[in-house]
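Numbering (my numbering), first residue to last: 26 to 1030. Backbone N, C-alpha and C fix where the C-beta goes; we use that ideal spot for every residue, glycine too. Bear in mind that the values here come from a model prediction, so they are computed numbers and not experimental data.
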């Protein structure tokens, strides 16, 4: 045997005759041979010494030493003193490792620079041989000292560690009856060297009723010492890494008292499993109560419960009667410590689910709040709920096989009709009809009827507003007479109806509100491609004043058109496209006789009425493209209409007709806006026209007989005055004036402007792009001010404006959740570049800052309101600083009238996994009804507060009238998504515009 083996394995053994051979055999079976084993007989009085002698006698790699330490720590230290290997392994006499353990651990150590240890995953082995799932702590490889300061994350025999380091640190602390390995790993980690992870379960730990880990009092006492050392300087470590010299960092909120509370929680759960003593509540008080910690608390309790009850996960639910009472008492104690029943209930739901996720439901499992059962899909019956149960965890069974797992919240008895609906949602009728020969004739007729109804169900092809519910509810409704659904106040649906009635009464009894604001009138989008031009324009003028001619922006434009008129008297003038006569009335006093024309008789009628007292105006219905223009005009004026021509050839024809209609020396004034299609690099309107002011001006300037005399240009439009040259007249250079726009630009104008140019046009991408997924953006607040702790959830208005401007410039258009649902239900590729913009909470700063920015960029958003707090403040953020004010109902009504959309963020902003099923249903119903009252629209969408969901939410939300839900999943929404559990992408306030762009562009790729 080599004098300097790679690995020295220290095996302490005291009265280990039953297990020692298996532990030593696992060493003999290792894939490599370069090791030695030092077996320390710690004063055994059984056959341990004889077993050791037999192994030493047949394999020189085994050596033995005697000890009277009567402790694992002392025995291991004695073995360390005899070790010669570069690396140490500590193998207790009742544990073992995989045959590849040494080879894989040594290989990992060779690949890492300057490692001090390598560790692997491990599995517990229960007394009956049942195995627990593998566990490993990746955080040890990332922050070893911060991890070990708080907990012992590695099994004693699941690592190889540097022998010289262990010797330098003095080995195990023999004053500790337990936690001595944790203490040593903590000291090693304080040095700051690298720990290498081997992500495989190579170590096996035998759980025993005699293990010291079941002595919770001793465990907590020793752990308190180790944790205190971890959060302070440790004089035993002479050369700590500078970052760890004074102990662990408590600034992350997980200080020593909380670390001890987590350890005490594990021991409390272990005691529940074993029937041991109780843990002092003062220690548990430091556990965090916030919703995000509930899964971790449940996980720790679950792990402790396995050890205490000596049960593998798949055995726990069946053994509930042994520990369910103490465990429920523990959760209640936590609720009392936190003064928050919802927090305890949340932990209980998580625990119930973990227990049942491992169980086969061979028999009904009644846990704290959940009943786990099997249901025969061909013979469903009524299910009564035991007291305290408000959730079902169900295997739908057929011919002894699991067809589906269904988990849902329940308020009362589950009737046969209710089961039929669920079965139809998860089991195809054709499956139900298979191999029915052995069943009764009645069952056969019943399920054949189900199959026929399901095939006729309109659910397979959703109608408008029908949503994407795949549950074949129509088929189930048609089975009422056969399934026997009657009014039953104690049934689930009966109790749900009662809650709906209560919510409706509450909404009706609330303070009387005004009617919702009417939606803004917007002119019909015109694409200029209607074959019947007259009908097109008459439809356009179906709404009076479709362009808000009296706005400051339009009036400033009129003033500049009058300013550019030629000097001197103007005898005969022709106005093309006079519309409703707003400019006509201002132009008439400047000319001797004015002929005002428009293709729309509706518009001409309004213009005539408006100018009825101005006797120098003659009105005509005229199509300047098709009809002859009256001639010998001193002035022709035409604004905002030439881009409605289909192509440049038609524009050239009209330009020639204008030249012919002008008297020699006469002037033509053209006023038109810049359209992005002319020049994508400059500010312009994103209208779907073939051309805009730039090409119109160039075409007119190229028309024989016309010459540009003067041009007034702004960022958004240009007004040009052309002159018809007289024979032998030469053109002079034009005068160009660049003027600012001083008038306020109203929203309906601003929403079509893309400032600074565009990279893509909405119309172009709508025609050319189809995609399978889109970004659904999640925002909270838009404000320059707020608590630092909430900076992640708050964007500065300038940053939000930059993001919306980027979306606008890149051809995105906003859709709503119901449109997203339609695309998913019909599996229709998304058209162009849609984006769904959502805001949670309904903060007042949405109305003050976000909404004006959205409207200015022709975008909208869907805001999810916390209805019980509307008009108040975001109390759920009070721990982080002064809570921000929320929009009141009046603001909600106003914004809904302006085009914003609203959904439910439930009623109280409680994380839903802490609400009872009855409370959850009540909040879903109440919040939906209030939003509908304030907006005057049906409400079909909700967003889960804190993005927390559980398996009850989707089905219960559908039963409460919702079709669309946003939960906790992150990422883009695609055509395969479930509409009731859609993902979103959080837009953080502490990220840059470049981060935002990269995030959105990643969805487009």
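- Task: May I have a chain-ordered list of the alpha helix (DSSP H) segments no shorter than 4 residues that lie completely inside the region 311 to 338?
- Result: You should have 319 to 334.
- Message: Only counting the same chain, and skipping five residues up and downstream in sequence, which positions put a Cβ closer than 8 Å to that of residue 1031?
- Response: This structure gives no information on residue 1031, because the portion of the chain shown stretches from 26 to 1030.
- Might you give, ordered along the chain, the residues of its own chain that have their beta carbon closer than 7 Å to the beta carbon of residue 5, omitting 5 neighbours on each side? Outside the shown range of the chain, which is 26 to 1030, sits residue 5, and nothing can be said about it.
- Task: Could you check which residue in 818, 688, 773 and 661 has the C-alpha nearest to that of residue 745?
- Result: Counted from its first residue, the chain shown places residue 745 at position 720. Ranked by how close their Cα comes to the Cα of residue 745, the residues 818, 688, 773 and 661 have 661 in first place.
- Item | Cβ distance (whole Å) where residue 252 is taken to contact residue 213 below 8 Å | Walking along the chain shown from the start, residue 252 turns up at place 227. Walking along the chain shown from the start, residue 213 turns up at place 188. Their Cβ separation, rounded to whole angstroms, is 16 Å, which puts residue 252 and residue 213 out of contact at 8 Å.
- Message: With the cut-off set at 8 Å, would you say residue 42 and residue 86 are in Cβ contact?
- Response: Your numbering for residue 42 matches position 17 in the chain shown. Your numbering for residue 86 matches position 61 in the chain shown. No.
- Item | Distance between residue 785 and residue 552 (C-alpha atoms, nearest Å) | On the chain shown, residue 552 is found 527 positions in, with the first residue counted as 1. On the chain shown, residue 785 is found 760 positions in, with the first residue counted as 1. With a pLDDT of only 46 at residue 552, under 50, the local geometry of the prediction cannot be trusted, and the value read off the model is given with reservation. Roughly 18 Å separates the two Cα atoms.
- Task: Counting only the same chain and skipping the five closest in sequence on each side, list residues whose C-beta sits under 8 Å from that of residue 706.
- Result: Here residue 706 is taken as the residue at index 681 of the chain shown, counted from 1. Contacts found: 782.
- the region 407 to 417 contacting the region 432 to 451, beta-carbon criterion three pairs below 8 Å: Short answer: they touch.
- On the three-state DSSP scale, how would you describe residue 206? On the chain shown, position 181 is the one that residue 206 refers to. Reduced to three states, the DSSP call for residue 206 is helix.
- Task: For residue 38, write down the residues that DSSP places opposite it in a beta bridge.
- Result: Sequence index remark: in the chain shown, residue 38 carries index 13 (1-based). Per DSSP, 66.
- Task: Note down, in chain order, each residue of its chain lying with its Cβ closer than 6 Å to the Cβ of residue 901, except the 5 sequence neighbours on either side.
- Result: Reading the chain shown from its first residue, position 876 is the one you call residue 901. Excluding sequence neighbours, residue 901 sits near 934.
- Item | Residues near residue 248 by beta carbon distance below 7 Å, same chain, minus five either side | In the chain shown, the residue the question calls residue 248 occupies position 223. Result list for residue 248: 204, 285 and 288, in chain order.
- Item | Straight-line gap, residue 594 to residue 600 (C-alpha atoms, nearest Å) | Residue mapping note: residue 594 aligns to position 569 of the chain shown, counting from 1. Residue mapping note: residue 600 aligns to position 575 of the chain shown, counting from 1. Residue 594 and residue 600 have their C-alpha atoms spaced approximately 17 Å apart.
- Item | Integer Cβ distance of residue 134 from residue 34, believed to fall under 8 Å | Looking up residue 134 in the chain shown gives position 109. Looking up residue 34 in the chain shown gives position 9. The beta carbons of residue 134 and residue 34 sit about 15 Å from each other, so the pair does not count as a contact at 8 Å.
- Item | Contact between the region 1015 to 1029 and the region 972 to 987 (3+ Cβ pairs under 8 Å) | Result no; under three Cβ-Cβ pairs closer than 8 Å.
- Are at least three pairs of beta-carbons, each pair with one atom in the region 943 to 954 and one in the region 864 to 872, less than 8 Å apart? Cβ pair count under 8 Å is below three, so no.
- Is the region 958 to 967 in contact with the region 308 to 326, if contact means three or more CB pairs nearer than 8 Å? Under the Cβ criterion (8 Å, minimum of three pairs), the region 958 to 967 does not count as touching the region 308 to 326.
- Message: Can you tell me where the beta strand (DSSP E) holding residue 220 begins and where it ends?
- Response: One-based indexing of the chain shown puts residue 220 at position 195. That run of the beta strand (DSSP E) goes 219 to 231.
- Task: For residue 873, decide whether its Cβ has a neighbour in chain D, counting only Cβ atoms nearer than 8 Å.
- Result: In the displayed structure, chain D is absent; only one protein chain is listed.
- In terms of residue numbering, what span does the alpha helix (DSSP H) encompassing residue 395 cover? Along the chain shown, read from residue 1 onward, the residue named residue 395 stands at position 370. It is not in any alpha helix (DSSP H) - residue 395 instead sits in the beta strand (DSSP E) that spans 395 to 401.
- Item | Whole-number beta carbon distance between residue 436 and residue 936, since they are thought to touch under 8 Å | One-based indexing of the chain shown puts residue 936 at position 911. One-based indexing of the chain shown puts residue 436 at position 411. Between residue 936 and residue 436 the beta-carbon gap is near 20 Å, outside 8 Å, which marks them as no contact.
- Message: At the level of alpha carbons, what is the spacing between residue 137 and residue 157?
- Response: On the chain shown, residue 137 is found 112 positions in, with the first residue counted as 1. On the chain shown, residue 157 is found 132 positions in, with the first residue counted as 1. Spanning the two alpha carbons is a distance of roughly 30 Å.
- Query: Should residue 74 be listed as close to the ligand FAD, given that the test is whether its C-beta is under 7 Å from any heavy atom?
  - Reply: Although the ligand FAD was asked about, the structure shown includes no ligands whatsoever.
- Message: Please return the same chain residues whose Cβ sits closer than 8 Å to the Cβ of residue 675, not counting the five positions on each side in sequence.
- Response: One-based indexing of the chain shown puts residue 675 at position 650. Cβ neighbours of residue 675 beyond the five flanking positions: 650.
- Please name the residue in 834, 762, 944 and 1004 whose C-alpha comes closest to that of residue 371. Working through the chain shown from its first residue, we reach residue 371 at position 346. Ranking 834, 762, 944 and 1004 by Cα distance to residue 371 puts 944 first.
- Using the beta-carbon count (16 or more within 10 Å), is residue 906 buried or exposed? Looking up residue 906 in the chain shown gives position 881. Result: exposed.
- Where residue 835 sits in the DSSP three-state scheme: Here residue 835 refers to the residue found at position 810 of the chain shown. The three-state reading of DSSP puts residue 835 in strand, counting E and B together.
- Task: Measure the alpha-carbon distance for residue 190 versus residue 32 and round it to whole angstroms.
- Result: For the purposes of this step, residue 190 is taken as residue 165 along the chain shown, with counting starting at 1. For the purposes of this step, residue 32 is taken as residue 7 along the chain shown, with counting starting at 1. Here the C-alpha atom of residue 190 lies approximately 14 Å from the C-alpha atom of residue 32.
- Message: Only counting the same chain, and skipping five residues up and downstream in sequence, which positions put a Cβ closer than 8 Å to that of residue 452?
- Response: Your numbering for residue 452 matches position 427 in the chain shown. These residues qualify, in order along the chain: 402, 421, 423, 428 and 429.
- Query: Where do the ends of the alpha helix (DSSP H) carrying residue 1088 lie?
  - Reply: Since the first residue of the chain shown is 26 and the last is 1030, residue 1088 is not available in this structure.
- Task: Could you tell me how far apart the beta carbons of residue 142 and residue 37 are, in whole angstroms, since I believe they sit closer than 8 Å?
- Result: Residue numbering aside, residue 142 sits at position 117 when the chain shown is read from its first letter. Residue numbering aside, residue 37 sits at position 12 when the chain shown is read from its first letter. About 19 Å separates the two Cβ atoms, so there is no contact after all.
- Query: Taking the alpha helix (DSSP H) that residue 47 falls in, what are its first and last residues?
  - Reply: Within the chain shown, residue 47 is the residue found at index 22, counting from 1. Here the alpha helix (DSSP H) through residue 47 covers 45 to 53.
- Query: Between the Cα of residue 358 and the Cα atoms of 307, 347, 335 and 737, which residue gives the shortest distance?
  - Reply: As a working note, residue 358 is residue 333 in the chain shown. Selected option, being the one with the closest Cα: 307.
- Item | Burial state of residue 295 (16 or more Cβ within 10 Å) | In the chain shown, counting from the first residue as 1, residue 295 sits at position 270. Answer is buried; the Cβ neighbour count reaches 16.
- Could you spell out where the beta strand (DSSP E) holding residue 973 opens and where it closes? Position 948 of the chain shown holds residue 973. Run containing residue 973: none; DSSP gives neither H nor E here.
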